[in-house]
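Structure, as structure tokens:
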Amino acid sequence: MTMLDAKIPAGPLADKWSNHKNSIRLVNPANRTKLDIILVGTGLAGAAAASTLGELGYNVKAFCFQDTPRRAHSVAAQGGINAAKNYRNDGDSAFRLFHDLIKGGDYRAREANVHRMAEVSNQSIDQMVASGVPFAREYSGYLDNRSFGGVQVSRTFYAKGQTGQQCLLGAYSGLIRQLARGKVTMYPRRDMLEVVIVDGEARGIITRNLVTGEIERHSGHAVVLATGGYGTIYYLSTLAVGSNASAAWAAHRKGALFANPSFVQIHPTSLPQLNDYQAKLTLMSESLRNDGRIWVPKEKGDRRHPNSIPEEERDYYLERRYPAFGNLVPRDVASRAAKERCDAGYGVGDTGLSVYLDFGGAIEKQGKKAIEAKYGNLFEMYNKLAGINPYEEPMRIYPAGHYTMGGLWVDYNLMTTVPGLYAIGESNFSDHGANRLGASSLMQCAGDGYFILPVTIGDYLAERFRTPRISTDGAEFDAAEKEARDKLERIMAVGGKQTVTSFHKRLGRIMWDDCGMVRNEAGLQKALSSLSELKEEFWREVKVPGRLDQVNQELEKAVRVADFFELGQLMCRDALSRKESCGAHFREESQTPEGEAQRIDAEYSYVAAWEHKGEGSDHEFHKEPLKFENVEIKERSYK
Amino acid sequence: MKIKLKIWRQESAEAKGGFVSYDLEGVSKEMSFLEMLDYLNSTLIEGDEEPVAFEHDCREGICGCCSLFINGRPHGPAGETTTCELRMTQFEDGSEIVIEPWRSRVFPVIRDLIVDRSAFDKILQAGGFISANTGAAPEANSIPIAKHKADEAFDAAICVGCGACVASCPNGSAMLFVAAKVSQLALLPQGRAEAKKRVRKMVAKMDELGFGACGNIGACEAECPKGIKISHIARLNREFLRASI
Ligand SMILES: Cc1cc2nc3c(=O)[nH]c(=O)nc-3n(C[C@H](O)[C@H](O)[C@H](O)COP(=O)(O)OP(=O)(O)OC[C@H]3O[C@@H](n4cnc5c(N)ncnc54)[C@H](O)[C@@H]3O)c2cc1C
Ligand code: SF4
Ligand code: FES
Chain A
0 MTMLDAKIPA
10 GPLADKWSNH
20 KNSIRLVNPA
30 NRTKLDIILV
40 GTGLAGAAAA
50 STLGELGYNV
60 KAFCFQDTPR
70 RAHSVAAQGG
80 INAAKNYRND
90 GDSAFRLFHD
100 LIKGGDYRAR
110 EANVHRMAEV
120 SNQSIDQMVA
130 SGVPFAREYS
140 GYLDNRSFGG
150 VQVSRTFYAK
160 GQTGQQCLLG
170 AYSGLIRQLA
180 RGKVTMYPRR
190 DMLEVVIVDG
200 EARGIITRNL
210 VTGEIERHSG
220 HAVVLATGGY
230 GTIYYLSTLA
240 VGSNASAAWA
250 AHRKGALFAN
260 PSFVQIHPTS
270 LPQLNDYQAK
280 LTLMSESLRN
290 DGRIWVPKEK
300 GDRRHPNSIP
310 EEERDYYLER
320 RYPAFGNLVP
330 RDVASRAAKE
340 RCDAGYGVGD
350 TGLSVYLDFG
360 GAIEKQGKKA
370 IEAKYGNLFE
380 MYNKLAGINP
390 YEEPMRIYPA
400 GHYTMGGLWV
410 DYNLMTTVPG
420 LYAIGESNFS
430 DHGANRLGAS
440 SLMQCAGDGY
450 FILPVTIGDY
460 LAERFRTPRI
470 STDGAEFDAA
480 EKEARDKLER
490 IMAVGGKQTV
500 TSFHKRLGRI
510 MWDDCGMVRN
520 EAGLQKALSS
530 LSELKEEFWR
540 EVKVPGRLDQ
550 VNQELEKAVR
560 VADFFELGQL
570 MCRDALSRKE
580 SCGAHFREES
590 QTPEGEAQRI
600 DAEYSYVAAW
610 EHKGEGSDHE
620 FHKEPLKFEN
630 VEIKERSYK
Chain B
0 MKIKLKIWRQ
10 ESAEAKGGFV
20 SYDLEGVSKE
30 MSFLEMLDYL
40 NSTLIEGDEE
50 PVAFEHDCRE
60 GICGCCSLFI
70 NGRPHGPAGE
80 TTTCELRMTQ
90 FEDGSEIVIE
100 PWRSRVFPVI
110 RDLIVDRSAF
120 DKILQAGGFI
130 SANTGAAPEA
140 NSIPIAKHKA
150 DEAFDAAICV
160 GCGACVASCP
170 NGSAMLFVAA
180 KVSQLALLPQ
190 GRAEAKKRVR
200 KMVAKMDELG
210 FGACGNIGAC
220 EAECPKGIKI
230 SHIARLNREF
240 LRASI
């Protein structure tokens with residue numbers, strides 16, 4: 000084990016970022032044109048980075064697996080994006096935003112990064128508005144804000160329920176502008192399979208062209224991953240179904256440490272699973288909790304229609320347990336509370352695995368029109384999917400896998416442990432500790448892509464402009480291509496009888512049951528052994544029809560699932576090694592007498608970062624100790 | 000329930016395609032349309048046949064990947080619905096469902112039901128952006144925008160780039176898609192500076208790529224899953240006229 004150095008700049012918290020910007024090396028504009036940057040992933044983080052790096056003059060080669068960047072999973076974010084503008088004059092500031100995030104992350108995030116994210120948040124909003132993002136406005140013509148997910152100020156900017164779409168399209172418009180200028184070259188419909196390391200530095204990637212099946216080599220002076228999160232490991236999740244860990248895992252296999260893999264956010268307000276065919280769980284935005292009240296019947300197994308259960312026979316359990324925050328408690332708390340009620344037999348619906356989210360009172364007080372203006376499209380979406388009209392009866396919701404706080408370990412410059420290899424957006428572990436607050440992922444992605452990476456990467460590239468264009472002919476490229484090809488051929492060669500999806504479903508079930516909302520030693524051990532059995536069965540029984548050299552969607556899925564098995568094992572090991580509860584990581588062995596998460600700061604105030612030691616060997620564990628100098632560490636109480 | 004599927008199969012862009020029929024039993028009304036296709040695919044794989052290729056990702060009506068021409072209508076029979084939002088409740092036991100890819104000269108088939116829609120990106124590249132460099136933006140609230148204008152811009156901005164408008168148009172015109180972007184940016188003060196250049200370049204690119212001319216038929220509006228209004232085409236025409244004088 001080693002102690003990791005995040006290279007956090009010295010000085011007072013609020014000055015670190017400016018000091019750092021003032022002191023790091025820059026690349027002069029003429030030299031930038033000699034530098035190629037590979038950027039994998041063009042969601043909000045990647046598209047923002049591509050446009051900014053292109054403007055700066057770098058040559059960007061950008062990759063995504065969809066047919067166009069505009070379809071990246073960021074498009075699905077609904078509720079909003081935070082910034083510390085303090086437009087409401089309600090006492091907000093970068094420091095307060097920082098403070099909320101550190102507390103929300105249950106004191107498991109790095110102070111300096113979080114403060115920087117809060118600092119640049121305002122600029123991201125400016126940038127987006129200038130790019131034509133149509134955020135919601137008040138009648139005055141000024142930007143509207145709402146309060147979102149477990150905080151007491153209104154700092155969330157939104158565009159109805161399509162905030163992610165509008166933010167992504169804004170960043171994508173910057174990217175296509177650079178495409179037109181020739182500064183960005185787009186390689187869509189590509190899966191990244193390998194990172195190529197030359198002399199210890201990231202110098203390229205291997206991709207599969209998803210149309211022709213061709214295995215391709217690409218080189219650059221640096222490689223940036225912006226490949227999103229891996230919540231799809233649960234099979235059913237709120238993520239777009241193509242979301243995956245494979246790019247990050249390829250980097251991990253080549254030496255990039257993976258941090259806090261088991262920190263996964265389970266979102267409290269998703270549509271419940273309705274049947275076995277279901278391919279995903281649709282999120283109902285958290286903003287609904289601003290006006291909706293969550294309840295279950297007081298009586299176990301009460302099967303009456305919700306509208307005929309009188310007020311006094313309803314248990315508004317969040318309001319009961321957390322009077323200060325009520326329905327607005329953070330996601331992890333709300334999710335566990337729903338699970339607790341359902342496990343205790345109070346859940347509703349056919350399966351007993353859902354709770355009510357009720358707008359009856361809000362409609363009575365504010366009128367249907369006001370509610371429609373705020374949530375119209377969400378109500379419609381719910382009605383389309385569940386066949387229930389939320390204006391007339393409560394929605395039914397249940398928690399679902401949603402966001403991965405874990406990811407590639409990066410230092411303050413957002414560089415992984417492989418020199419020249421960066422990770423931004425959801426693909427890194429950086430800013431959300433053990434739990435992410437609502438509307439702060441888009442904020443992080445925009446900050447990383449627009450304002451942070453384009454500066455910090457200069458520090459690394461400053462010396463590299465002398466390195467001539469990197470050839471893709473070297474032995475390292477040969478080896479990486481062979482590795483990629485061998486893996487694909489191995490999958491195709493199994494020739495078993497079971498579909499990839501059937502394995503993914505079983506894998507998801509194991510992870511959900513034992514490495515989901517609640518974890519314990521025995522369950523995690525059991526999950527580890529089930530995972531290794533299932534993985535072995537996969538490599539014996541999976542069936543991937545078709546050929547390598549054509550569109551082959553089953554093969555694409557198979558690669559993802561194969562990597563998920565390994566990531567799943569690492570998630571369980573990580574969860575086992577952290578014997579405390581913190582944020583979304585709830586170890587049953589570590590709870591307060593009232594059943595709340597019990598952190599053990601003396602032992603676990605660190606980031607766990609895992610090193611891949613080769614196929615078949617155990618990961619090596621490293622630590623980044625966390626220091627809190629600007630916030631008082633408290634029990635995270637929402638009572 | 001039991002349904003009969005007639006699906007366009009085509010191995011590659013070069014290959015000759017054709018319809019193949021499948022009888023599918025055990026379909027549930029609770030399935031979404033794409034879950035029904037997932038189910039078909041699992042039976043095909045188990046029976047040693049190749050699954051049907053189709054595009055999808057978010058499965059909640061926002062990414063614009065899904066793009067199936069179902070019984071002669073883009074995104075199927077339900078109004079303002081993307082294919083992935085379509086449910087099997089829309090279909091009766093025993094019904095026949097014909098599934099094709101988008102049909103357009105400009106959207107060639109890649110495989111089965113997947114088409115190449117990169118022409119859309121090319122149109123946007125011609126001018127579908129505001130040239131705002133990172134870091135140069137003014138304070139966001141320094142540009143007040145009347146709420147009704149912002150709302151109208153938003154209503155145009157929610158286009159998901161699916162291409163149903165093109166697939167539904169007898170002339171294969173991309174006007175609704177182009178108009179949505181032109182209109183969004185024309186309504187916002189930030190977008191005015193480049194408005195003339197933008198509309199000229201985008202329209203020229205659209206013509207150059209081979210999309211058909213708009214004949215004011217209105218099929219696009221009727222089939223757009225996001226309810227983009229044809230009035231945006233009127234605004235495009237006005238903008239275009241202004242740019243030409
Ligand atoms: C339903 C939902 C609602 C949400 N709502 C909000 C919200 O309101 N506010 C908020 O702040 N956050 C929200 N989030 C979280 C937020 O949307 C995501 O965390 C964020 O958008 C991630 O952006 P990204 O740029 O890191 O990655 P993504 O947008 O996921 O993009 C990943 C990119 O990487 C590419 N890629 C992935 N794997 C590969 C590979 N192997 N090879 C090549 N390319 C690859 C993809 O093509 C894509 O371009 C929500 C999430 C969900 C699921
Ligand atoms: S205008 Fe409508 S139909 Fe056309 S691409 Fe946009 S969302 Fe699809
Ligand atoms: S799959 Fe995303 S819109 Fe249908």
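Taken in order, these protein sequences are the chains called A and B. Counting from 1, position 63 in the first sequence corresponds to residue 62 in numbering that gives the first Met the number 0; the numbering is continuous, with no gaps. Counting from 1, position 179 in the second sequence corresponds to residue 178 in numbering that gives the first Met the number 0; the numbering is continuous, with no gaps. Cβ atoms here follow ideal geometry from the backbone N, Cα and C, with glycine treated the same way. Model, not experiment: these values are computed from the prediction.
Worksheet entry | Option nearest tyrosine 411 of chain A by Cα separation, candidates A/Ile396, A/Asp447, A/Ala438, A/Gln597 | Here the question's residue 411 of chain A lines up with position 412 in the first sequence. Among A/Ile396, A/Asp447, A/Ala438, A/Gln597, the Cα nearest to that of tyrosine 411 of chain A belongs to A/Asp447.
For threonine 133 of chain B, would you say it is in contact with chain A, using Cβ-to-Cβ distances shorter than 8 Å as the test? As a working mapping, residue 133 of chain B is identified with position 134 in the second sequence. Closer than 8 Å to some Cβ of chain A, the Cβ of threonine 133 of chain B qualifies, so yes.
Q. Starting from proline 28 of chain A and walking both ways along the alpha helix (DSSP H), at which residues does that stretch end?
A. On the first sequence, position 29 is the one that residue 28 of chain A refers to. For proline 28 of chain A, the enclosing alpha helix (DSSP H) has its first and last residue at 28 to 31.
**Asked** Skipping 5 residues on each side, what residues in its chain have a beta carbon closer than 6 Å to that of serine 242 of chain A?
**Response** Taking the first residue of the first sequence as position 1, residue 242 of chain A is located at position 243. Hits under 6 Å: His72, Gly227, Thr231.
Using a Cβ-based criterion (distance less than 7 Å to any ligand heavy atom), does threonine 81 of chain B qualify as near ligand 3? If you number the second sequence from 1, residue 81 of chain B lands on position 82. Threonine 81 of chain B Cβ: within cutoff of ligand 3.
In chain order, what residues of the same chain have a beta carbon less than 6 Å from the beta carbon of tyrosine 321 of chain A, not counting five sequence neighbours either side? By one-based count along the first sequence, residue 321 of chain A stands at place 322. These residues qualify, in order along the chain: Val328, Tyr637, Lys638.
Which residues in chain A sit within 8 Å of serine 117 of chain B, going by Cβ to Cβ distance?
Looking up residue 117 of chain B in the second sequence gives position 118. Per Cβ cutoff of 8 Å: Asp66, Thr67, Pro187.
Checklist entry - Are the stretch 400 to 416 of chain A and the stretch 206 to 216 of chain A touching, with three or more C-beta to C-beta distances below 8 Å? => result no
In whole angstroms, what is the alpha-carbon distance linking proline 592 of chain A and alanine 607 of chain A?
In the first sequence, counting from the first residue as 1, residue 592 of chain A sits at position 593. In the first sequence, counting from the first residue as 1, residue 607 of chain A sits at position 608. Computed Cα separation, rounded: 27 Å.
Point to revise | DSSP three-state assignment for isoleucine 23 of chain A, whether helix, strand or coil | key: For the purposes of this step, residue 23 of chain A is taken as residue 24 along the first sequence, with counting starting at 1. It is coil, neither helix nor strand.
Closer than 9 Å, Cβ to Cβ, to anything on chain A: give me those residues from the stretch 3 to 23 of chain B, in chain order.
Glu10, Ser11, Ala12
For serine 139 of chain A, decide whether its Cβ has a neighbour in chain B, counting only Cβ atoms nearer than 8 Å. What you label residue 139 of chain A is simply residue 140 of the first sequence in a count that begins at 1. Judged by the 8 Å Cβ criterion, serine 139 of chain A is in contact with chain B.
Discussion item. One question on the structure: do glutamate 518 of chain A and alanine 574 of chain A come within less than 8 Å of each other, judged by their Cβ atoms?
Written reply: Locating residue 518 of chain A in the first sequence gives position 519, counting from the first residue. Locating residue 574 of chain A in the first sequence gives position 575, counting from the first residue. The sequence shown places arginine at residue 518 of chain A, not glutamate. Taking 8 Å as the Cβ cut-off, arginine 518 of chain A and alanine 574 of chain A qualify as a contacting pair.
Bridge-paired residues (DSSP) for threonine 155 of chain A: The residue you call residue 155 of chain A lines up with position 156 of the first sequence. In DSSP, threonine 155 of chain A forms a bridge with A/Asn81, A/Arg145.
For histidine 74 of chain B, decide whether its Cβ has a neighbour in chain A, counting only Cβ atoms nearer than 8 Å.
By one-based count along the second sequence, residue 74 of chain B stands at place 75. Contacts with chain A at 8 Å (Cβ-Cβ) do not include histidine 74 of chain B.
Taking 7 Å as the cut-off, is the beta-carbon of isoleucine 113 of chain B closer than that to any non-hydrogen atom of ligand 3? In the second sequence, counting from the first residue as 1, residue 113 of chain B sits at position 114. Incorrect: isoleucine 113 of chain B has no Cβ contact closer than 7 Å to ligand 3.
request  = Tell me whether lysine 297 of chain A sits in a helix, a strand or coil according to DSSP, three-state version.
outcome  = Residue 297 of chain A sits at position 298 when you count from the first residue of the first sequence. In this structure, lysine 297 of chain A counts as coil in the three-state DSSP scheme.
Query - Cβ neighbour criterion (16 or more within 10 Å) applied to phenylalanine 18 of chain B - result: As a position in the second sequence, residue 18 of chain B is number 19, starting the count at 1. By the 10 Å Cβ count, phenylalanine 18 of chain B comes out exposed.
### Message
Just checking proline 68 of chain A against ligand 2 - is the residue's beta carbon closer than 7 Å to any of the ligand's heavy atoms?
### Response
Numbered from its first residue, the first sequence carries residue 68 of chain A at position 69. Incorrect: proline 68 of chain A has no Cβ contact closer than 7 Å to ligand 2.
Next on the checklist: Let me see if you follow: with CB-CB separation under 8 Å, is aspartate 447 of chain A close to chain B or not?
Outcome noted: The count along the first sequence starts at 1 and reaches residue 447 of chain A at position 448. No, its Cβ sits nowhere closer than 8 Å to a Cβ of chain B.
Quick one: is aspartate 472 of chain A buried, meaning 16 or more other Cβ sit within 10 Å of its Cβ, or exposed? Translated into positions along the first sequence, residue 472 of chain A becomes position 473. Result: exposed.
TODO: Measure the C-alpha to C-alpha separation of alanine 52 of chain B and valine 550 of chain A and round it to an integer number of angstroms.
DONE: Along the second sequence, one-based indexing puts residue 52 of chain B at 53. Along the first sequence, one-based indexing puts residue 550 of chain A at 551. Between alanine 52 of chain B and valine 550 of chain A, the C-alpha separation is close to 8 Å.
- [ ] Helix, strand or coil for tryptophan 7 of chain B, going by three-state DSSP, please let me know.
- [x] As a working note, residue 7 of chain B is residue 8 in the second sequence. Strand, per DSSP.
For lysine 60 of chain A, the residue or residues it bridges with in DSSP: Within the first sequence, numbered from 1, the residue matching residue 60 of chain A stands at position 61. Paired residues: A/Ile37, A/Thr184.
Would you say the stretch 123 to 139 of chain B touches the stretch 61 to 79 of chain B, given that touching needs at least three Cβ pairs under 8 Å? no
* Asked: Is methionine 510 of chain A helix, strand or coil by DSSP?
  -> Within the first sequence, residue 510 of chain A is the residue found at index 511, counting from 1. If DSSP states are grouped into helix, strand and coil, methionine 510 of chain A belongs with the helices.
(Q) I'd like to check one pair, glycine 400 of chain A with serine 236 of chain A: are the Cβ atoms closer than 8 Å? (A) Position 237 of the first sequence holds residue 236 of chain A. Position 401 of the first sequence holds residue 400 of chain A. Yes, these two residues count as a Cβ contact at 8 Å.
> Mind checking whether arginine 463 of chain A and leucine 34 of chain A have CB atoms under 8 Å apart?
Replying inline: By one-based count along the first sequence, residue 463 of chain A stands at place 464. By one-based count along the first sequence, residue 34 of chain A stands at place 35. A contact, by the Cβ cut-off of 8 Å.
CB serine 269 of chain A to CB leucine 287 of chain A, shorter than 8 Å?
Against the first sequence, residue 269 of chain A aligns to sequence position 270. Against the first sequence, residue 287 of chain A aligns to sequence position 288. It is not a contact, given that the beta carbons lie outside the stated cut-off.
Contact belief for arginine 191 of chain B with alanine 242 of chain B at Cβ below 8 Å, rounded distance in angstroms
Position 192 of the second sequence holds residue 191 of chain B. Position 243 of the second sequence holds residue 242 of chain B. That pair is no contact at about 12 Å.
Tell me where the alpha helix (DSSP H) around tryptophan 248 of chain A begins and ends. By 1-based counting over the first sequence, the position of residue 248 of chain A is 249. Here the alpha helix (DSSP H) through tryptophan 248 of chain A covers 245 to 252.
At a cut-off of 7 Å, is serine 426 of chain A close to ligand 1 when judged by its beta-carbon and the heavy atoms of the ligand? Numbered from 1 along the first sequence, position 427 holds the residue referred to as residue 426 of chain A. Serine 426 of chain A: yes, Cβ under 7 Å from ligand 1.
| query | Taking buried to mean at least 16 other C-beta atoms within 10 Å of its own C-beta, is leucine 25 of chain A buried or exposed? | reply | The residue given as residue 25 of chain A occupies position 26 in the first sequence. Exposed, because fewer than 16 other Cβ atoms sit within 10 Å of the Cβ of leucine 25 of chain A.
Worksheet item: DSSP puts glycine 582 of chain A in a beta bridge; with which residues?
Response: Counting from one through the first sequence, the residue named residue 582 of chain A turns up at place 583. Glycine 582 of chain A is bridged by DSSP to nothing; it lacks a bridge partner.
- prompt: Can you list, in chain order, the residues of the stretch 118 to 138 of chain A whose Cβ is nearer than 9 Å to any Cβ on chain B?
  reply: Asn121, Gln122, Ile124, Asp125, Gln126, Met127, Val128, Ala129, Ser130, Gly131, Val132, Pro133, Phe134, Ala135, Arg136, Glu137, Tyr138
Practice item. Give every residue of the same chain whose Cβ lies closer than 6 Å to the Cβ of lysine 6 of chain A, excluding the five residues on either side of it in the sequence, and list them in chain order. Key: Position 7 of the first sequence, counted from the first residue, corresponds to residue 6 of chain A. Around lysine 6 of chain A, the same chain offers Asp410, Tyr411 as residues with beta carbons nearer than 6 Å, after the five sequence neighbours per side are excluded.
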